[in-house]
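Peer 1: My questions will all concern the structure given below.
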Amino acid sequence: METEFSDLLCIGAGLAGERVAVEAASNGFKAICLSLVPPRRSHSSAAQGGMQASLGNCAMGDGDSPDIHFEDTVKGSDWGCDQEVARLFVETAPTAVREMALWGIPWNRVVPGKSTYFKGGKQYEKVEAKEKEGLITARSFGGTAKWRTCYTSDGTGHTLLYTMDNRVVELGVKVHDRMEAISLIHDGETCMGAVVRDLKTGKLKAYLAKATLIATGGYGRIYRETTNAVINEGSGAIIALDTGIVPIGNPEAIQFHPTGIVPTHILVTEGCRGDGGTLLDVNENRFMPEYEPEKAELASRDVVSRWMTHHIRKGLGVKGHYGDHLWLDIRHLGAQHIKTKLREVEEICNNFLGIDPITQLIPVRPAQHYTMAGVRTDKDGAAYGLKGLFAAGEAACWDLHGLNRLGGNSLAETIVAGKIIGEKIAGFLKGYDVTFDTGIIKGCVVRELERIERLVSCKDGHEDVYKIRNAMQDELMDRVGIFRNGNDLQKAVDNLQEIYVRAKKVGIRSNWLGASPELALAIKIQGMVRLALCVAYGALQRTESRGCHAREDYDARNDKDWLNRTLATWDEGNTLPTLEYEPVSKVMEIPPGSRGYGASKIISQDGEVTGA
Amino acid sequence: MGRKLKFNIFRYNPLDSNSVPHTDTFHLEETDSMTLFIALTRIREEQDPSLQFDFCCRAGICGSCAMVINGRPDLACKTLTKELPTEITLMPLPVFKLIGDLSVDTGTWFRAMNEKVGSWIHTDKTMDPNVEEERMDNSLAEEIYELERCVECGCCVASCGTANMREDFIGAVALNRIARFMLDPRDQRKEREYFEVIGTDEGIFGCMGLLACEDVCPKDLPLQDQLGILRRKMGWSAVKHLFRFG
Numbered sequence: 001m002e003t004e005f006s007d008l009l010c011i012g013a014g015l016a017g018e019r020v021a022v023e024a025a026s027n028g029f030k031a032i033c034l035s036l037v038p039p040r041r042s043h044s045s046a047a048q049g050g051m052q053a054s055l056g057n058c059a060m061g062d063g064d065s066p067d068i069h070f071e072d073t074v075k076g077s078d079w080g081c082d083q084e085v086a087r088l089f090v091e092t093a094p095t096a097v098r099e100m101a102l103w104g105i106p107w108n109r110v111v112p113g114k115s116t117y118f119k120g121g122k123q124y125e126k127v128e129a130k131e132k133e134g135l136i137t138a139r140s141f142g143g144t145a146k147w148r149t150c151y152t153s154d155g156t157g158h159t160l161l162y163t164m165d166n167r168v169v170e171l172g173v174k175v176h177d178r179m180e181a182i183s184l185i186h187d188g189e190t191c192m193g194a195v196v197r198d199l200k201t202g203k204l205k206a207y208l209a210k211a212t213l214i215a216t217g218g219y220g221r222i223y224r225e226t227t228n229a230v231i232n233e234g235s236g237a238i239i240a241l242d243t244g245i246v247p248i249g250n251p252e253a254i255q256f257h258p259t260g261i262v263p264t265h266i267l268v269t270e271g272c273r274g275d276g277g278t279l280l281d282v283n284e285n286r287f288m289p290e291y292e293p294e295k296a297e298l299a300s301r302d303v304v305s306r307w308m309t310h311h312i313r314k315g316l317g318v319k320g321h322y323g324d325h326l327w328l329d330i331r332h333l334g335a336q337h338i339k340t341k342l343r344e345v346e347e348i349c350n351n352f353l354g355i356d357p358i359t360q361l362i363p364v365r366p367a368q369h370y371t372m373a374g375v376r377t378d379k380d381g382a383a384y385g386l387k388g389l390f391a392a393g394e395a396a397c398w399d400l401h402g403l404n405r406l407g408g409n410s411l412a413e414t415i416v417a418g419k420i421i422g423e424k425i426a427g428f429l430k431g432y433d434v435t436f437d438t439g440i441i442k443g444c445v446v447r448e449l450e451r452i453e454r455l456v457s458c459k460d461g462h463e464d465v466y467k468i469r470n471a472m473q474d475e476l477m478d479r480v481g482i483f484r485n486g487n488d489l490q491k492a493v494d495n496l497q498e499i500y501v502r503a504k505k506v507g508i509r510s511n512w513l514g515a516s517p518e519l520a521l522a523i524k525i526q527g528m529v530r531l532a533l534c535v536a537y538g539a540l541q542r543t544e545s546r547g548c549h550a551r552e553d554y555d556a557r558n559d560k561d562w563l564n565r566t567l568a569t570w571d572e573g574n575t576l577p578t579l580e581y582e583p584v585s586k587v588m589e590i591p592p593g594s595r596g597y598g599a600s601k602i603i604s605q606d607g608e609v610t611g612a
Numbered sequence: 001m002g003r004k005l006k007f008n009i010f011r012y013n014p015l016d017s018n019s020v021p022h023t024d025t026f027h028l029e030e031t032d033s034m035t036l037f038i039a040l041t042r043i044r045e046e047q048d049p050s051l052q053f054d055f056c057c058r059a060g061i062c063g064s065c066a067m068v069i070n071g072r073p074d075l076a077c078k079t080l081t082k083e084l085p086t087e088i089t090l091m092p093l094p095v096f097k098l099i100g101d102l103s104v105d106t107g108t109w110f111r112a113m114n115e116k117v118g119s120w121i122h123t124d125k126t127m128d129p130n131v132e133e134e135r136m137d138n139s140l141a142e143e144i145y146e147l148e149r150c151v152e153c154g155c156c157v158a159s160c161g162t163a164n165m166r167e168d169f170i171g172a173v174a175l176n177r178i179a180r181f182m183l184d185p186r187d188q189r190k191e192r193e194y195f196e197v198i199g200t201d202e203g204i205f206g207c208m209g210l211l212a213c214e215d216v217c218p219k220d221l222p223l224q225d226q227l228g229i230l231r232r233k234m235g236w237s238a239v240k241h242l243f244r245f246g
């Protein structure tokens with residue numbers, strides 16, 4: 001058995017994983033990153049919009065501060081976040097952005113003088129100050145009081161990822177790409193690394209490390225329709241849950257985006273609606289004003305997504321080969337506006353749909369977008385339950401986002417958490433030693449070899465892994481989506497338990513020598529269904545509506561009973577997770593109140609009902 | 001009814017001693033807005049689960065899915081089948097090491113490239129959290145971004161006459177990267193230091209000027225301009241070098 005040793009093993013080499021590795025390497029520790037794909041192809045690159053940091057350089061961000069960013073974040077989370085973490089985050093974000101400037105990000109800068117911008121379909125004017133010329137500027141994002149989102153044109157995630165990987169190359173940190181961690185090596189108390197499958201050769205390898213970090217991003221691909229990259233199947237969450245000790249925090253906290261294009265669910269920006277785009281149904285009838293007379297298409301992401309789903313359920317969607325969808329109409333904005341202000345949208349339509357949005361309608365429907373859920377850690381990034389295990393970025397529930405994440409806070413979290421947790425890990429590694437128990441390592445490796453052997457020899461059955469995955473995705477999409485209710489959730493939990501039994505009978509149908517994409521999926525399919533069950537069961541138990549979790553049968557945010565965080569663990573042999581709960585935050589700088597947008601029915605901690 | 005599509009796909013699994021390079025044929029009925037991402041995923045899941053290919057973002061952002069499509073390197077995810085004839089031939093990118101079928105190892109190649117050109121800001125400045133960022137003109141930031149848009153897909157390398165003949169040629173992608181850092185005032189390298197990296201036959205002087213790189217770049221990077229500018233700069237640098245030390 002080939003074995004690699006390091007001080008820190010980063011599972012995942014997107015922005016969060018690499019930022020942690022950079023910090024460890026800068027402190028003199030040996031870090032190795034594993035990645036499913038060459039690191040610059042990580043899903044971090046797809047975050048085009050930008051990252052929030054309260055620099056306050058631009059005119060519309062004037063007077064911004066970490067305090068205001070903090071308030072926006074806590075409100076955005078619907079008071080579900082850990083406020084100590086949110087405070088740490090907003091205070092560090094400006095430094096993290098400036099540090100990335102030093103390392104080479106071509107941030108867009110303040111250009112002094114007059115310019116125009118669009119809001120709600122109308123044009124406005126602003127004046128940038130001469131004395132701010134050349135400082136890092138920012139754009140507007142939903143749910144923020146100030147323009148705070150720092151960006152590089154339409155490729156912020158891309159430039160951040162390239163610059164971070166440049167730093168990784170400079171420091172000589174090794175990234176072993178096309179490597180998938182399939183289980184953690186641990187003795188029930190301490191994590192010692194991971195068993196890893198080489199996706200070029202199919203061989204297994206043991207990676208032993210004093211500290212192990214999970215930074216594998218979100219798990220959107222357990223849903224049928226998602227904006228996530230195809231690699232976002234939750235491998236990090238799966239191996240954490242598999243320990244039986246480490247919990248997934250708030251598994252039910254899943255965010256949707258209203259406008260994924262059909263069939264590939266690549267998202268088109270909210271700017272389409274912001275600039276005056278409308279949503280049409282099968283009769284080309286504009287339906288949003290019926291549901292939201294005041295805001296119509298400009299209501300918040302989750303509200304628009306919910307009404308779109310509702311309208312499709314009423315049978316007013318457009319039938320197509322890939323299921324029902326709605327239309328996004330930007331034709332009336334005109335060629336000039338589309339070609340300048342919405343250039344990316346035009347490109348996406350041309351390249352991925354083969355349609356011209358200046359003359360044609362765009363097929364869209366809501367799609368899963370972000371997992372606030374993740375491996376539960378403390379504010380230092382240390383996972384609950386296992387010493388030496390950490391998590392960061394979308395893979396973690398740190399918990400900055402609570403039940404809803406603000407746009408621009410996810411990209412910021414990757415590098416801010418990466419910086420903070422990287423420092424904490426460096427501190428942890430100083431003077432820390434661990435004995436690698438060869439018996440335990442061997443046991444873990446043998447267990448995985450046997451598991452693979454059973455799959456390739458079809459010892460447990462001949463179930464088709466793709467059919468199992470599709471069945472799981474359908475359950476989540478249809479019953480654990482944007483609108484949730486007790487009946488559907490119960491049905492999803494029941495059906496997913498049956499799917500879980502079938503997942504245990506998967507057998508490989510094709511030549512499995514080498515990388516074998518079928519085997520790669522088969523190895524994690526049980527874990528994916530377990531995750532799906534955590535999402536569905538967590539959602540069933542949470543009998544309130546908070547942030548993205550919208551229960552039709554419990555439409556109030558219930559601070560009396562549910563001002564808490566779900567912790568899901570998995571006991572081997574069960575078909576359901578074990579759920580426990582903890583208070584959302586030890587510190588409450590801002591006590592629960594009204595967000596000022598979205599649904600507003602609240603049951604207070606004293607049991608008083610407002611906004612009904 | 002959609003068109004009947006015929007896919008001829010290169011197959012070889014180097015890890016299977018019984019495998020020999022050959023072509024397999026698959027058939028699919030075309031559906032609306034079908035891209036090669038949709039088509040290949042369907043072929044794998046419905047017809048042959050062993051078929052190897054690489055997609056990640058499937059949105060033209062990550063550069064994973066470059067392959068040779070009817071003789072031309074391009075990103076498969078942003079290739080619509082309706083823009084192709086009914087017979088579609090797919091081959092892996094040349095130059096890069098084959099992993100299996102349509103999947104090639106671009107990761108190793110690009111890491112080595114990034115190491116070779118020193119693809120990072122060379123500076124002695126360190127971070128001071130209490131000081132505001134250094135200012136930069138927005139138009140310069142946008143100029144740098146224009147060259148930074150490269151997604152390392154490998155199309156320019158696969159289509160390059162020199163890269164196909166000599167293994168050590170660094171390719172348009174590397175030359176564009178150097179051009180990006182030469183533009184950036186934060187990088188303190190002197191012209192002479194860039195020259196040491198690219199002023200050889202492995203670098204800018206290996207380019208035969210065929211410019212397929214410019215034709216196939218899925219990001220429409222201005223590679224022709226950058227190669228021309230670098231060649232001129234490096235030519236001058238070589239002359240200056242001669243006078244100074246000759």
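Heads up: the protein sequence lines correspond to chains E and Z, in order.
Okay, so the first sequence: first residue is 1 according to the UniProt record's numbering, each after it adds one.
Okay, so the second sequence: first residue is 1 according to the UniProt record's numbering, each after it adds one.
Backbone N, C-alpha and C define an ideal beta-carbon position, used for all residues, glycine too.
1) Which residues in chain Z sit within 9 Å of T435 (chain E), going by Cβ to Cβ distance?
2) Does any residue of chain Z bring its CB to less than 8 Å from the CB of T149 (chain E)?
3) Please report the straight-line C-alpha distance between I231 (chain E) and N574 (chain E), rounded to a whole angstrom.
4) State the Cα-Cα distance for the pair A16 (chain E) and G218 (chain E), rounded to the nearest angstrom.
5) Measuring straight from C-alpha to C-alpha, what distance separates L400 (chain E) and V157 (chain Z)?
6) So if DSSP puts I214 (chain E) in a beta bridge, which residue, or which two residues, is it bridged to?
7) Output the residue ranges of the alpha helix (DSSP H) runs that lie fully inside the segment 62-138 of chain Z and measure 4 residues or longer, sorted by chain position.
8) Strictly under 8 Å for the Cβ-Cβ distance: is K82 (chain Z) near chain E by that measure?
9) Using a C-beta to C-beta distance shorter than 7 Å, which residues of chain Z count as neighbours of D177 (chain E)?
10) Does S235 (chain E) come out as helix, strand or coil in the three-state DSSP assignment?
11) To the nearest whole angstrom, what separates the beta carbons of T35 (chain Z) and K78 (chain Z), a pair I think is in contact under 8 Å?
12) From what residue to what residue does the alpha helix (DSSP H) around T31 (chain Z) run?
13) Whose C-alpha, out of E:V111, E:V74, E:V173, E:I525, is nearest the C-alpha of E18 (chain E)?
14) Assign K524 (chain E) to one of two classes, buried (16 or more other C-beta atoms within 10 Å of its C-beta) or exposed (fewer than that).
15) Classify E87 (chain Z) as buried or exposed, calling it buried when 16 or more other Cβ atoms lie within 10 Å of its own Cβ.
16) E202 (chain Z) to F169 (chain Z), Cα distance in whole Å?
17) From E:C458, E:L540, E:A194, E:Q490, pick the residue whose C-alpha is nearest to that of T212 (chain E); which is it?
18) If you follow the alpha helix (DSSP H) that C33 (chain E) is part of, which residue opens it and which one closes it?
19) Would you mind telling me which residues of chain Z sit closer than 8 Å to R109 (chain E), beta carbon to beta carbon, in chain order?
20) Between the segment 162-178 of chain E and the segment 390-397 of chain E, can you find at least three pairs of beta-carbon atoms closer than 8 Å?
21) By alpha-carbon positions, which one of E:A59, E:V90, E:K119 ends up nearest to P112 (chain E)?
22) Taking Cβ-Cβ distances shorter than 7 Å, what residues in chain E pair up with E193 (chain Z)?
23) Three Cβ pairs or more, each shorter than 8 Å: is that satisfied between the segment 242-249 of chain E and the segment 379-388 of chain E?
24) Using the Cβ count rule (16 or more neighbours within 10 Å means buried), how would you classify W79 (chain E)?
25) Is Y207 (chain E) closer than 8 Å to I440 (chain E) when the C-beta atoms are compared?
26) Looking only at its chain, what residues have a beta carbon closer than 6 Å to the beta carbon of A296 (chain E), apart from the 5 residues adjacent to it on each side?
27) How is C397 (chain E) classed by DSSP in three states: helix, strand or coil?
28) Around the Cβ of M1 (chain Z), are there at least 16 other Cβ atoms within 10 angstroms (buried) or fewer (exposed)?
29) On the three-state DSSP scale, how would you describe R109 (chain E)?
30) Could one say the Cβ of Y162 (chain E) lies closer than 8 Å to chain Z's Cβ atoms, at least one of them?
31) Less than 7 Å between C-beta atoms, sequence neighbours within five positions excluded: which residues of the same chain meet that for D437 (chain E)?
32) Just the chain Z side, please: which residues come within less than 7 Å of P38 (chain E) by C-beta, in chain order?
33) Just list the alpha helix (DSSP H) runs in the segment 354-436 of chain E, keeping only unbroken ones of 4 residues or longer that don't cross its boundaries, in chain order.
34) Determine whether the Cβ of P106 (chain E) lies closer than 8 Å to any Cβ atom of chain Z.
35) Comparing the C-beta of S148 (chain Z) with each C-beta of chain E, is any distance below 8 Å?
36) Considering only the beta carbon of each residue, do Q52 (chain Z) and S119 (chain Z) sit closer than 8 Å?
Peer 2: Inspection of the coordinates gives the following:
1) Going along chain Z, no residue has its Cβ under 9 Å from T435 (chain E), so there is no contact; the nearest lies around 33 Å.
2) T149 (chain E) does not count as touching chain Z.
3) Taking the straight line from one Cα to the other gives about 27 Å.
4) Their Cα atoms are separated by approximately 12 Å.
5) Taking the straight line joining both Cα atoms gives about 42 Å.
6) Beta-bridge pairing links I214 (chain E) to E:I11, E:A391.
7) 106-117, all fully within the segment 62-138 of chain Z.
8) Closer than 8 Å to the CB of K82 (chain Z) there is at least one CB belonging to chain E.
9) Residues of chain Z passing the Cβ test: G107.
10) Residue state for S235 (chain E) is assigned as helix, using DSSP reduced to three classes.
11) Their Cβ separation, rounded to whole angstroms, is 7 Å, which keeps T35 (chain Z) and K78 (chain Z) in contact under 8 Å.
12) Boundaries cannot be given for T31 (chain Z), as no alpha helix (DSSP H) includes it and DSSP labels it neither H nor E.
13) Among E:V111, E:V74, E:V173, E:I525, the Cα nearest to that of E18 (chain E) is on E:V173.
14) Burial call: buried.
15) By the neighbour-count rule (16 or more Cβ atoms within 10 Å), E87 (chain Z) is not buried but exposed.
16) About 4 Å.
17) Comparing Cα positions, the closest option is E:A194.
18) In the DSSP annotation of this structure, C33 (chain E) is not part of any alpha helix (DSSP H); the continuous beta strand (DSSP E) holding it starts and ends at 31-35.
19) Within chain Z, the residues near R109 (chain E) are R135, M136, D137, N138, A141.
20) Touching, no.
21) Of the listed residues, the one whose Cα sits closest to P112 (chain E) is E:A59.
22) Residues of chain E with a Cβ closer than 7 Å to the Cβ of E193 (chain Z) do not exist, since the nearest Cβ in that chain sits about 15 Å away.
23) Contact between the segment 242-249 of chain E and the segment 379-388 of chain E is present, because at least three Cβ pairs lie under 8 Å.
24) That one is buried.
25) Taking 8 Å as the cut-off, the Cβ atoms of I440 (chain E) and Y207 (chain E) do not count as close.
26) Sequence-distant Cβ neighbours of A296 (chain E) in its own chain, meaning closer than 6 Å and more than five residues away, are M288, P289.
27) C397 (chain E): strand per DSSP, three-state reduction.
28) Exposed: under 16 other Cβ atoms inside 10 Å.
29) Of the three classes helix, strand and coil, the one that applies to R109 (chain E) here is strand, per DSSP.
30) Interface residue, yes.
31) If we look at D437 (chain E) and ignore the five residues flanking it on each side, its Cβ neighbours are D187.
32) Residues of chain Z passing the Cβ test: T106, G107, F110.
33) Correct list: 409-429.
34) Interface residue (Cβ-Cβ distance to chain Z less than 8 Å): P106 (chain E) is classified as such.
35) The sequence as given places Glu at residue 148 (chain Z); Ser does not occur at that position. In terms of beta-carbon proximity, E148 (chain Z) lines the interface with chain E, with at least one pair separated by less than 8 Å.
36) Going by C-beta atoms, Q52 (chain Z) is not nearer than 8 Å to S119 (chain Z).
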